[in-house]
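Asks: This is the structure, below, for whatever I ask next.
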Amino acid sequence: MTGLFEQIYAKVREIPAGKVTTYGEIARVLGLKDVRKVGYALHANKDGATPCHRVVNREGKLAANFAIDGVEEQRRRLESEGVAVDDDRVELSQFGWRWS
DNA sequence: AAAGTGACGCATT
DNA sequence: TAATGCGCCACTT
């Protein structure tokens with residue numbers, strides 16, 4: 018298990034509870050030019066080892082094909098951490114997390 | 001080894 | 001805000 022996926026997982030694990038980040042942010046921090054690989058990586062990660070529910074797209078919208086148990090499960094996990102989810106979206110200006 | 005696949009982002013309409 | 005189209009590249013088969 019060595020590769021880009023692991024790098025992505027490592028970053029996702031750095032996200033603190035109650036915060037969310039975007040695919041683009043992760044791609045940017047890793048120096049990637051293609052954000053799709055980030056989503057691709059998380060899709061492959063059905064394992065609960067990574068808090069993938071804290072990753073949303075640029076609009077703060079939840080992934081339609083969340084691998085664990087769909088968007089409802091993702092929304093549930095976020096709300097349980099204190100993140101307000103409205104119409105499958107989160108307010109990035111308030112809950113968004115970013116690396117420097 | 002070549003082709004297929006895809007939790008997205010951005011510009012444009 | 002939503003809908004379309006294109007770019008871009010690691011991973012799987």
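Using our numbering, you'd call the opening residue of the first sequence number 18 and step up by one each time.
Every residue, glycine too, gets a C-beta built ideally from N, C-alpha and C.
#1: Can you give me the C-alpha to C-alpha distance between F112 and V100, rounded to a whole angstrom?
#2: Within a Cβ cutoff of 7 Å, which residues of the same chain sit near K63, ignoring the five residues on either side of it in sequence?
#3: Look at the alpha carbon of T38 and the alpha carbon of K78, and state the distance between them as a whole number of angstroms.
#4: Measure the alpha-carbon distance for G65 versus R30 and round it to whole angstroms.
#5: Could you tell me whether the segment 91-99 touches the segment 46-62, using the rule of 3 or more Cβ pairs below 8 Å?
#6: Spatial neighbours of H60 within its chain, please: C-beta separation below 6 Å, excluding the five flanking residues on both sides.
#7: Hey, would you say G7 sits closer than 7 Å to R75, going by beta carbons?
#8: Specify the secondary structure class of V55 as computed by DSSP and reduced to three states.
Replies: This is what the structure gives:
#1: Each residue's alpha carbon lies about 7 Å from the other.
#2: Once the five neighbours on either side are set aside, the close Cβ partners of K63 are A84, I85.
#3: Each residue's Cα considered, the two are about 11 Å apart.
#4: For G65 and R30, the distance between alpha carbons rounds to 11 Å.
#5: No contact exists between the segment 91-99 and the segment 46-62.
#6: The residues are A84.
#7: Since the first residue shown for the chain is 18 and the last is 117, residue 7 is missing from the structure and cannot be characterised.
#8: It is helical.
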